[in-house]
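Taken in order, these protein sequences are the chains called L and D. With UniProt numbering as the guide, the letters of the first sequence map in order to residues 1 to 289. With UniProt numbering as the guide, the letters of the second sequence map in order to residues 1 to 324. Note that CB positions come from ideal geometry on N, CA and C, so glycine has one too. Remember, predicted model here, so these are calculated numbers, not experimental data.
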Amino acid sequence: MTGMTAGRTRGRTARRGVPGAPRRLIYLTLTAVAFFSAIPLYYSVVVASRDNAALAEVPPPLVPGGNFFANVARVFDTVPFGLALANSVLVSGSIALSVMFFSTLAGFAFAKLRFRGRNILLLLTVATMMVPAQLGIIPLYMLMVKLEWTGTMYALIVPAMVSAFGVFFMTQYLSRALPSELLEAGRVDGCTTWGLFWHVVIPVARPAAAVLGMLTFMSAWNDYFWPLVVLTPENPTVQVALSTLAAGYVNDYVLGLTGTALGTLPLVVVFALLGKQIIGGIMQGAVKG
Amino acid sequence: MATRAPERLAEVPPGKPAGHHRRAVRRHLVHQLDVKGSPYAYVAPFFLLFAAFGLFPLAYTAWVSLHEWTLLADEQPFVGLENFRTLLADDYFWNATFNTLSIGVLSTVPQLLLAIWLAHLLNRPLRAQTLFRVTLLLPNVTSVVAVVVIFSQLFGRDFGMINWMLSWFGADAVPWNEGVASSHVAISIMIMWRWTGYNALIFLAAMQAVPRELYEAATIDGASEFTQLRRITIPMIKPTIVFVVITSTIGAMQVLAEPLLFGVYTLTGGVDRQYQTLALFIYENFVKLDFGYASAISWMMFVFIVVIAGVNYLITRRSRGGLL
Numbered sequence: 001m002t003g004m005t006a007g008r009t010r011g012r013t014a015r016r017g018v019p020g021a022p023r024r025l026i027y028l029t030l031t032a033v034a035f036f037s038a039i040p041l042y043y044s045v046v047v048a049s050r051d052n053a054a055l056a057e058v059p060p061p062l063v064p065g066g067n068f069f070a071n072v073a074r075v076f077d078t079v080p081f082g083l084a085l086a087n088s089v090l091v092s093g094s095i096a097l098s099v100m101f102f103s104t105l106a107g108f109a110f111a112k113l114r115f116r117g118r119n120i121l122l123l124l125t126v127a128t129m130m131v132p133a134q135l136g137i138i139p140l141y142m143l144m145v146k147l148e149w150t151g152t153m154y155a156l157i158v159p160a161m162v163s164a165f166g167v168f169f170m171t172q173y174l175s176r177a178l179p180s181e182l183l184e185a186g187r188v189d190g191c192t193t194w195g196l197f198w199h200v201v202i203p204v205a206r207p208a209a210a211v212l213g214m215l216t217f218m219s220a221w222n223d224y225f226w227p228l229v230v231l232t233p234e235n236p237t238v239q240v241a242l243s244t245l246a247a248g249y250v251n252d253y254v255l256g257l258t259g260t261a262l263g264t265l266p267l268v269v270v271f272a273l274l275g276k277q278i279i280g281g282i283m284q285g286a287v288k289g
Numbered sequence: 001m002a003t004r005a006p007e008r009l010a011e012v013p014p015g016k017p018a019g020h021h022r023r024a025v026r027r028h029l030v031h032q033l034d035v036k037g038s039p040y041a042y043v044a045p046f047f048l049l050f051a052a053f054g055l056f057p058l059a060y061t062a063w064v065s066l067h068e069w070t071l072l073a074d075e076q077p078f079v080g081l082e083n084f085r086t087l088l089a090d091d092y093f094w095n096a097t098f099n100t101l102s103i104g105v106l107s108t109v110p111q112l113l114l115a116i117w118l119a120h121l122l123n124r125p126l127r128a129q130t131l132f133r134v135t136l137l138l139p140n141v142t143s144v145v146a147v148v149v150i151f152s153q154l155f156g157r158d159f160g161m162i163n164w165m166l167s168w169f170g171a172d173a174v175p176w177n178e179g180v181a182s183s184h185v186a187i188s189i190m191i192m193w194r195w196t197g198y199n200a201l202i203f204l205a206a207m208q209a210v211p212r213e214l215y216e217a218a219t220i221d222g223a224s225e226f227t228q229l230r231r232i233t234i235p236m237i238k239p240t241i242v243f244v245v246i247t248s249t250i251g252a253m254q255v256l257a258e259p260l261l262f263g264v265y266t267l268t269g270g271v272d273r274q275y276q277t278l279a280l281f282i283y284e285n286f287v288k289l290d291f292g293y294a295s296a297i298s299w300m301m302f303v304f305i306v307v308i309a310g311v312n313y314l315i316t317r318r319s320r321g322g323l324l
């Protein structure tokens, strides 16, 4: 086993992983996986920059063409895509901010404050993460009808303002990252609990809250079913507009995939820039699960 | 969680004049209220909003399922278990149940095995580690609508990329959308593409917490890499595996967007309902405004989820390293 001796000579500290297996094969496999992860997105860009005639060719086109902006204009003519983008930014942004705030607040209480019933409430929070969200969708819709929120962004924002995952995530982070001594020092200085939250907890929580915010933003941006149920095609989010495109123009693949590229690329760019932190957040949240 | 009680810090200093004392008492009370009450105030927003928009709808679904309830009629007569009786005799319901289970197994089992294997490959010092991780998660950043739109094109019968590649091997064009098996495979591939990388990262996180000494000892004993994966890694990350199996099961039982969009927005999931899932069946009845019946299906789905998640929990927890 050559891998083993190679691992040996590199010494203990450099060796974080499992020794063995030929490296070249591992890189080859991982590259193949990366390729298959990226290719559908790449292909959507290829189609989005072509016209429908090009798709009928054999072999199919494999590099982007020059038709992208014409197709984008067609998307904006067909569905209210500008409005959809604005709605999605508003909804995802509000949800992310709200989840960050309430999760930090509750996480602080669960991680660092003493109160009767804390453990049972925390357990309850974790249990709610297991409840399948779709089951309550009919009464939730009836509730929205009662509140006259159907067709408005309130119907998307208000039910999503808190998240059990967020509370759990911030509890985990704060119980590790927030030194109790810091809180006691604040108390001695005469800080109220709210003052502590504002001046001590928030600065410490910022990195984790940012990761939580990004995760929440992404999942709110991609949320499909609930917006489809409560919104109308006239006042859509990006995903609802996309499904209108995909449903109404079945044979117009170029139109559908241009919309897809437009709705996905902003998120992919953000992800490419901040991917490392986002992945760190997912993995941190996972270990305790 | 070693939190010390901060109450003692603000005790009233003894031997002060009366006016001082009264003010001190009030301050003490305010402080007590702050310390005792604010934790509840801080967790309250979560629980109140969750109760209103999470718990209440769930419980109310049960109530609605016992009525003949449509949004069109003014009255909702109580019908007891009538909806459930109709449901159990409804072929469409059993068809949807079969499709859900079939797509669930086809998408979840290979996905989790692949995810464990990928995590295992990533669990070592590698060049471009971050790049690999980011590309793994890329599909998960893509919205489900985008995934299905893209894959529907790839799975197209005449001009699809996949049939074009199959033709290299002399295969005839597969009408992915038409058959039971082919459509289930196509939908499962979409689900796998979106979730494998995400689950691999969660497994990787757990694997990194496994003590290195175990592998070193096993290597010295001459255990192969596969044996190490089977005998060390998998038993050590068992709690994470249980967690992922359960969340994936819950997710698989609720698959909706993929069949809905793959069928170009038909609520029946294909002409012959060949890929209508339970969630889509609920949505079909919801759109018909038959809320009572849709609620009854929801509750049946909940029962299935609890049973299947429970069985999976027992299986994964019982088996000792014998998952592969």
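Asked                                                                                                                                                                                                                         : Found
Of the residues D:V144, D:V287, D:L131, which one's Cα is nearest the Cα of F262 (chain D)?                                                                                                                                   : D:V144
Tell me, please, whether the CB atom of P175 (chain D) is closer than 8 Å to any CB atom in chain L?                                                                                                                          : no
Could you check the C-alpha separation between E11 (chain D) and D34 (chain D) for me, to the nearest Å?                                                                                                                      : With a pLDDT of only 46 at E11 (chain D), under 50, the local geometry of the prediction cannot be trusted, and the value read off the model is given with reservation. Whole-angstrom Cα-Cα distance: 14 Å.
Under the rule that 16 or more other beta-carbon atoms within 10 Å means buried, what is L314 (chain D), buried or exposed?                                                                                                   : exposed
Going by DSSP, what residue range makes up the alpha helix (DSSP H) through K112 (chain L)?                                                                                                                                   : 81 to 112
By the DSSP assignment, the alpha helix (DSSP H) with Y313 (chain D) in it spans what residues?                                                                                                                               : 291 to 318
Check each residue of the stretch 250 to 282 of chain L: if its Cβ is closer than 9 Å to any Cβ of chain D, include it; give the result in chain order.                                                                       : V250, Y253, G256, L257, G259, T260, A261, G263, T264, L267, V268, V270, F271, A272, G275, K276, I278, I279, I282
Grab me the residues of S163 (chain L)'s own chain with a C-beta within less than 6 Å of its C-beta, minus the 5 sequence neighbours each way, in chain order.                                                                : V99
Say the cut is 7 Å; is the CB of Y275 (chain D) nearer than that to a heavy atom of the ligand MN?                                                                                                                            : As for the ligand MN, it is missing from this structure, which has no ligand bound.
Give me the DSSP bridge partner(s) of T70 (chain D).                                                                                                                                                                          : D:D290
Tell me which residue opens and which closes the alpha helix (DSSP H) that A220 (chain L) is part of.                                                                                                                         : 202 to 222
Can you tell me whether F78 (chain D) is helix, strand or coil according to DSSP?                                                                                                                                             : strand
In chain order, what residues of the stretch 22 to 35 of chain D put their CB closer than 7 Å to some CB of chain L?                                                                                                          : D34, V35
Which residues in the same chain have their Cβ closer than 8 Å to the Cβ of P113 (chain L), if we skip the five residues on either side of it in sequence?                                                                    : One detail in the question is off: residue 113 (chain L) reads as Leu in this sequence, not Pro. The answer, listed in chain order, is T193.
Along the alpha helix (DSSP H) that carries A164 (chain L), what are the first and last residues, could you check?                                                                                                            : 164 to 177
Given that F110 (chain L) touches chain D, what residues does it touch there, using C-beta distances under 8 Å?                                                                                                               : V43
Check whether the Cβ atoms of G280 (chain L) and V211 (chain L) lie closer than 8 Å to each other.                                                                                                                            : yes
Using alpha carbons as the reference points, say which of L:L242, L:L262, L:R24, L:G151 lies closest to A257 (chain D).                                                                                                       : L:L242
Taking the continuous alpha helix (DSSP H) assigned at I241 (chain D), which residues delimit it?                                                                                                                             : 238 to 253
Closer than 7 Å by beta-carbon distance: list the chain D residues that pair up with I157 (chain L), in chain order.                                                                                                          : Going along chain D, no residue has its Cβ under 7 Å from I157 (chain L), so there is no contact; the nearest lies around 11 Å.
Does the beta carbon of S295 (chain D) sit closer than 8 Å to a beta carbon anywhere in chain L?                                                                                                                              : yes
Using a C-beta to C-beta distance shorter than 7 Å, which residues of chain L count as neighbours of F159 (chain D)?                                                                                                          : L55, A56, P60
If you measure between the beta carbons of V201 (chain L) and T125 (chain L), is that distance less than 8 Å?                                                                                                                 : no
Count the CB pairs spanning the stretch 249 to 257 of chain L and the stretch 168 to 178 of chain D that are closer than 8 Å, and state whether there are at least three.                                                     : no
Suppose you measure from the CA of G3 (chain L) to the CA of P22 (chain L); what does that come to, to the nearest Å?                                                                                                         : Here the model assigns G3 (chain L) a pLDDT of 38, short of 50, so the residue's position is not dependable and the matter cannot be decided.
With distances taken from CA atoms, which of L:A96, L:T78, L:F115, L:F169 is nearest P159 (chain L)?                                                                                                                          : L:A96
Could you tell me the distance, in whole angstroms, from the CA atom of T61 (chain D) to the CA atom of I282 (chain D)?                                                                                                       : 12 Å
State the CB to CB distance for the pair N285 (chain D) and L204 (chain D), rounded to an integer number of angstroms; the pair is presumed to be in contact (CB under 8 Å).                                                  : With 8 Å as the limit, N285 (chain D) and L204 (chain D) do not qualify as a contact, their Cβ atoms being about 41 Å apart.
Between the C-alpha atoms of V185 (chain D) and N177 (chain D), what's the straight-line distance to the nearest angstrom?                                                                                                    : 10 Å
Whether or not the stretch 132 to 146 of chain D and the stretch 38 to 46 of chain L are in contact is what I'm after, with contact meaning three or more pairs of Cβ atoms, one per stretch, closer than 8 Å; do they touch? : yes
Tell me whether the beta-carbon of L214 (chain D) lies closer than 8 Å to the beta-carbon of I232 (chain D).                                                                                                                  : yes
Where does V270 (chain L) fall in DSSP's three states?                                                                                                                                                                        : helix
Judging by CA-CA distance, which residue of L:P139, L:L90, L:V47 is the nearest neighbour of G292 (chain D)?                                                                                                                  : L:P139
Kindly list the residues whose CB is nearer than 7 Å to the CB of A54 (chain L), restricted to its own chain and excluding five residues on each side of it in sequence; keep chain order.                                    : P61, G65
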